[in-house]
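Asks: All the letters of the sequence shown, read from the start, carry residue numbers 1 to 485 under UniProt numbering.
Cβ atoms here follow ideal geometry from the backbone N, Cα and C, with glycine treated the same way.
Every value quoted in this text rests on a predicted model; they were computed, and no experiment measured them.
One structure, as structure tokens, below. Some questions next.
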Amino acid sequence: MSEHSEPGSEGSDAESMDKSWQLERSDASQEDLDGSMSDTDPVSATQLDTLFGPQYILDANYATVTGANVPSPCAFQALDPRKRSHGKAWMKVASVPTRYLYQWFEYQRNDYTSHDQTIADCVRLFWVGHPGDSPRDVSARLFSVEFVPEASKKDQASLRREKGVVFRHHFECKGMCNVSKRSAEDACDDDDDSDSTKKPRSKRIRVPACTGDVRIMIKVYADDLSKCVIYQRGSHPPASDEHYLQYSRRIRLYLMERGSQSGMTPSKLRLEMQQGLSGLGDAGALPRMFVRPEWRLPTTQQVDRVIAELRRAVRLHSDPFVAVDLFVGLNPNLIFAYEPLVVTSTRKQFSVGIKSSWSIQNLIRWQGHTVCLDSSWRKKNENRAPLTFVTTTNAASHMVPCAAFLSADITSASLQHLLEALEDEVLAEARAICDKDDQKGLRKQTEVKVLVMNARKIVEAGSWRPASVMIDKCRAEFNALQSSE
1 MSEHSEPGSE GSDAESMDKS WQLERSDASQ EDLDGSMSDT DPVSATQLDT LFGPQYILDA
61 NYATVTGANV PSPCAFQALD PRKRSHGKAW MKVASVPTRY LYQWFEYQRN DYTSHDQTIA
121 DCVRLFWVGH PGDSPRDVSA RLFSVEFVPE ASKKDQASLR REKGVVFRHH FECKGMCNVS
181 KRSAEDACDD DDDSDSTKKP RSKRIRVPAC TGDVRIMIKV YADDLSKCVI YQRGSHPPAS
241 DEHYLQYSRR IRLYLMERGS QSGMTPSKLR LEMQQGLSGL GDAGALPRMF VRPEWRLPTT
301 QQVDRVIAEL RRAVRLHSDP FVAVDLFVGL NPNLIFAYEP LVVTSTRKQF SVGIKSSWSI
361 QNLIRWQGHT VCLDSSWRKK NENRAPLTFV TTTNAASHMV PCAAFLSADI TSASLQHLLE
421 ALEDEVLAEA RAICDKDDQK GLRKQTEVKV LVMNARKIVE AGSWRPASVM IDKCRAEFNA
481 LQSSE
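Structure, rendered in structure tokens:
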């Protein structure tokens with residue numbers, strides 16, 4: 001027994017010595033680390049500074065490596081800077097709100113012609129009023145500049161910081177500063193006359209060039225889209241007689257818009273112009289920021305020329321049905337139930353409906369109200385095609401428009417085609433309203449909530465059925481309503 005116990009005792013002594021040595025070593029390492037803590041204990045900022053350096057240095061190194069301080073590149077760019085020329089320098093002459101720019105041109109004592117226009121891809125222009133013959137002329141129309149919807153807030157902030165040019169438009173002096181009174185009168189008459197009212201002339205009067213080669217440049221910067229800065233290069237004297245300058249191009253577009261109405265005469269147009277210019281509103285535009293000079297008002301002869309120009313036969317298509325087809329191609333979002341003209345030995349087929357998103361929403365918003373249906377033939381068109389109106393009433397019992405329908409005749413078949421197409425438009429508009437509501441784009445006002453509620457009812461039912469329909473004593477309308485049920 002003693003022989004076997006001696007080796008065991010020697011092994012146990014060795015193990016105990018080994019354990020004691022490890023304990024001593026761990027104690028020594030603990031002392032060398034000067035009281036270091038275990039993994040579960042929190043590390044103080046002082047210990048981190050001792051091991052790795054100050055925290056702000058670590059943050060700076062991390063930002064440098066990861067590029068955190070580098071701003072993300074903007075997806076949109078402003079216009080490229082213009083190349084510097086060695087000629088006359090551009091001088092800043094004014095800074096006005098964009099919507100009042102046309103009034104600034106009216107206030108000048110010279111005429112300018114529009115030239116190249118450049119727009120950055122980060123903005124878009126909104127035009128107000130009738131386009132007429134100057135759809136993109138900022139000296140004739142009200143306009144505003146806004147960022148495109150695709151530009152995020154970061155992109156817009158980056159563009160504002162850079163203060164780049166996002167819109168640029170050039171004008172040149174027309175040369176009225178360098179003509180005599182007689183030449184100016186001839187040139188003014190030659191510009192205002194239309195082809196139908198011009199008299200044959202042996203030689204066209206040519207207006208000389210501007211004495212100072214004056215150019216105007218309009219700029220809009222990204223940091224303030226509501227303001228445009230006007231620069232001028234060169235100088236010139238005012239026109240010899242202001243009455244020979246062009247009348248306001250803004251008023252010209254207004255006359256073209258009002259003169260296009262059916263039954264408009266020169267005397268009625270002059271009366272409407274006087275009434276439109278007498279109040280604070282500038283003929284449907286804005287209150288005056290610049291005083292309108294008297295020479296910018298059209299004369300009686302100039303108003304007559306506008307009417308004569310609008311009545312020219314070359315402006316209208318000789319075939320009204322072809323004109324309707326062209327209108328349908330240019331305005332597909334405003335048309336429904338269109339059937340081109342087809343004439344057979346037994347019947348004539350033609351129909352076209354006109355609507356808008358707002359007019360169709362009237363049928364949805366006032367779902368529980370009576371829908372009115374009425375047709376008329378007299379004094380509507382040269383072909384005596386019947387015109388059918390669809391209306392309803394609002395909360396104040398006022399009539400509101402919903403749709404207009406032009407057809408070859410008034411029969412049960414043609415009216416049934418109208419009602420079926422109108423129901424399809426109401427269902428499509430109701431689905432679009434529900435989709436917008438799902439995206440939380442609506443629900444801001446009480447009327448909008450009613451619109452959404454009624455749209456959901458129509459979509460769930462899968463059909464549109466008005467509460468009641470009021471018609472004349474017309475068997476075709478009565479049969480069409482019964483067939484559509």
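(1) Would you tell me roughly how many angstroms separate the C-alpha atoms of L326 and R384, rounded to the nearest one?
(2) The beta strand (DSSP E) that contains V96, what's its start and end?
(3) Taking the alpha carbon of W104 as the reference point, which residue from Q275, V400 and V229 has its own alpha carbon closest?
(4) Using the three-state DSSP reduction, which class does K348 fall into: helix, strand or coil?
(5) Compare the C-alpha of V448 against each of S267, L415, R365 and R141 and name the closest.
(6) Given this structure, state the Cα-to-Cα distance separating K436 from V450, to the nearest angstrom.
(7) Quick check: the Cα distance between V469 and L373, rounded to an integer number of angstroms?
(8) Taking A480 and L387 to be in contact with their CB atoms under 8 Å, please state how far apart those CB atoms are, rounded to whole angstroms.
(9) Which whole-angstrom value describes the C-beta separation of R90 and M289, a residue pair presumed to lie in contact below a C-beta threshold of 8 Å?
(10) Within the same chain, show all residues whose beta-carbon is closer than 7 Å to that of R311, passing over the 5 residues directly before and after it, in chain order.
(11) What residue range does the beta strand (DSSP E) around M176 cover?
(12) Take the Cβ of L415 as the centre, count every other Cβ of all protein chains shown within 10 Å, and call the residue buried at 16 or more, exposed below.
(13) Give me, in chain order, the residues of the same chain whose beta-carbon lies closer than 8 Å to that of V166; leave out the 5 immediate sequence neighbours on both sides.
(14) Quick check on the DSSP output: the beta strand (DSSP E) that includes M273 runs from which residue to which?
(15) By the DSSP assignment, the beta strand (DSSP E) with K154 in it spans what residues?
(16) Suppose you measure from the CA of I335 to the CA of G175; what does that come to, to the nearest Å?
(17) Using a 10 Å radius around the Cβ and a threshold of 16 neighbouring Cβ atoms, would you call residue 520 buried or exposed?
(18) Can P126 and F143 be called in contact, C-beta distance under 8 Å?
(19) Going by the CB atoms, is the gap between A413 and S433 shorter than 8 Å?
(20) List the whole-angstrom C-beta distance separating G462 from A403, where the pair is believed to meet the contact cut-off of C-beta under 8 Å.
(21) Taking 8 Å as the cut-off, decide whether the C-beta atoms of R258 and E272 are in contact.
(22) Could you spell out the range, first to last residue, of the alpha helix (DSSP H) harbouring S407?
(23) Taking all protein chains shown into account, do 16 or more other C-beta atoms lie within 10 angstroms of the C-beta of D116, making it buried, or fewer, making it exposed?
(24) Would you mind giving the Cβ-Cβ distance between H369 and A308, rounded to the nearest angstrom? I have them listed as a contact below 8 Å.
(25) In the structure shown, what three-state DSSP assignment does S29 receive?
(26) Could you check whether I360 and D426 sit closer than 8 Å to each other, using their CB atoms as the reference points?
(27) What separation, rounded to the nearest whole angstrom, lies between the Cα atoms of Y107 and S267?
(28) Starting from M470, trace the beta strand (DSSP E) in both directions and tell me its first and last residue.
(29) Would you call the stretch 231 to 244 in contact with the stretch 126 to 135, where contact means no fewer than 3 C-beta pairs closer than 8 Å?
(30) Pick from N110, S152, V322 and H169: whose alpha carbon is nearest that of S240?
(31) Ends of the alpha helix (DSSP H) at R249?
Replies: The relevant details are as follows:
(1) The residue given as residue 326 occupies position 326 in the sequence shown. The residue given as residue 384 occupies position 384 in the sequence shown. Going by the C-alpha atoms only, they are around 20 Å apart.
(2) Taking the sequence shown and counting its residues from 1, one reaches residue 96 at position 96. Segment W90 to P97, the beta strand (DSSP E) holding V96.
(3) Taking the sequence shown and counting its residues from 1, one reaches residue 104 at position 104. For the residues Q275, V400 and V229, the minimum Cα distance to W104 belongs to V229.
(4) Here residue 348 is taken as the residue at index 348 of the sequence shown, counted from 1. It is a strand residue.
(5) One-based indexing of the sequence shown puts residue 448 at position 448. Answer by Cα proximity: R365.
(6) Mapped onto the sequence shown, residue 436 falls at position 436. Mapped onto the sequence shown, residue 450 falls at position 450. K436 and V450: Cα-Cα distance of roughly 14 Å.
(7) On the sequence shown, position 469 is the one that residue 469 refers to. On the sequence shown, position 373 is the one that residue 373 refers to. Approximately 7 Å between the Cα atoms of the pair.
(8) Here residue 480 refers to the residue found at position 480 when the sequence shown is read from its first residue. Here residue 387 refers to the residue found at position 387 when the sequence shown is read from its first residue. With a Cβ gap of about 16 Å, A480 and L387 do not count as contacting.
(9) In the sequence shown, residue 90 corresponds to position 90, counting from 1. In the sequence shown, residue 289 corresponds to position 289, counting from 1. Reading off the sequence shown, one finds Trp at residue 90, where the question assumed Arg. Not confirmed; about 24 Å, so no contact.
(10) As a position in the sequence shown, residue 311 is number 311, starting the count at 1. Nothing listed; no residue qualifies.
(11) Here residue 176 refers to the residue found at position 176 when the sequence shown is read from its first residue. Premise fails: M176 is in no beta strand (DSSP E) and is neither H nor E.
(12) Position 415 of the sequence shown, counted from the start, is the residue given in the question as residue 415. It counts as buried.
(13) The sequence position of residue 166 within the sequence shown is 166, counting from 1. The answer, listed in chain order, is A78, L79, I119, A120, C122, V123, V145, L159, V220, Y221, A222 and L225.
(14) Within the sequence shown, the letter at position 273 stands for residue 273. Element bounds for M273: not the beta strand (DSSP E) but the alpha helix (DSSP H), P266 to S278.
(15) Along the sequence shown, read from residue 1 onward, the residue named residue 154 stands at position 154. Following the DSSP letters along the chain, one finds K154 in no beta strand (DSSP E) but inside the alpha helix (DSSP H) bounded by residues K153 to E162.
(16) As a working mapping, residue 335 is identified with position 335 in the sequence shown. As a working mapping, residue 175 is identified with position 175 in the sequence shown. Straight-line spacing of the CA atoms in I335 and G175 works out to 47 Å.
(17) Nothing can be reported for residue 520: it is not among the residues displayed for the chain, which extend from 1 to 485.
(18) Stepping through the sequence shown from its first residue, residue 126 is reached at position 126. Stepping through the sequence shown from its first residue, residue 143 is reached at position 143. Strictly speaking, residue 126 in this sequence is Phe, with Pro absent from that position. The Cβ atoms of F126 and F143 lie closer than 8 Å to each other.
(19) Here residue 433 is taken as the residue at index 433 of the sequence shown, counted from 1. Here residue 413 is taken as the residue at index 413 of the sequence shown, counted from 1. The identity of residue 433 in the sequence shown is Ile, whereas the question assumes Ser. Remark: C-beta atoms of I433 and A413 do not approach each other more closely than 8 Å.
(20) In the sequence shown, counting from the first residue as 1, residue 462 sits at position 462. In the sequence shown, counting from the first residue as 1, residue 403 sits at position 403. At roughly 21 Å, the Cβ-Cβ gap does not stay under 8 Å, so G462 and A403 are not in contact.
(21) Here residue 258 refers to the residue found at position 258 when the sequence shown is read from its first residue. Here residue 272 refers to the residue found at position 272 when the sequence shown is read from its first residue. The answer is yes: Cβ separation under 8 Å.
(22) For the purposes of this step, residue 407 is taken as residue 407 along the sequence shown, with counting starting at 1. From DSSP, S407 is part of no alpha helix (DSSP H) but of the beta strand (DSSP E) over M399 to S407.
(23) As a position in the sequence shown, residue 116 is number 116, starting the count at 1. So D116 counts as exposed.
(24) Residue numbering aside, residue 369 sits at position 369 when the sequence shown is read from its first letter. Residue numbering aside, residue 308 sits at position 308 when the sequence shown is read from its first letter. Between A308 and H369 the Cβ distance is about 46 Å, and since that is not below 8 Å, they are no contact.
(25) Residue numbering aside, residue 29 sits at position 29 when the sequence shown is read from its first letter. Below a pLDDT of 50, predicted positions are generally treated as unreliable, and S29, at 47, falls in that range; the measurement from the model is reported next regardless. Under the three-state reduction of DSSP, S29 is assigned to helix.
(26) Here residue 426 corresponds to residue number 426 of the sequence shown, with the count starting at 1. Here residue 360 corresponds to residue number 360 of the sequence shown, with the count starting at 1. Just to set this straight, residue 426 is Val in the shown sequence, not Asp. Cβ distance < 8 Å, so V426 and I360 count as in contact.
(27) Taking the first residue of the sequence shown as position 1, residue 107 is located at position 107. Taking the first residue of the sequence shown as position 1, residue 267 is located at position 267. Going by the C-alpha atoms only, they are around 27 Å apart.
(28) Taking the sequence shown and counting its residues from 1, one reaches residue 470 at position 470. M470 -> beta strand (DSSP E) spans S468 to M470.
(29) Verdict: no, contact absent.
(30) Here the question's residue 240 lines up with position 240 in the sequence shown. Comparing Cα positions, the closest option is N110.
(31) The sequence position of residue 249 within the sequence shown is 249, counting from 1. Note, R249: alpha helix (DSSP H), R249 to G259.
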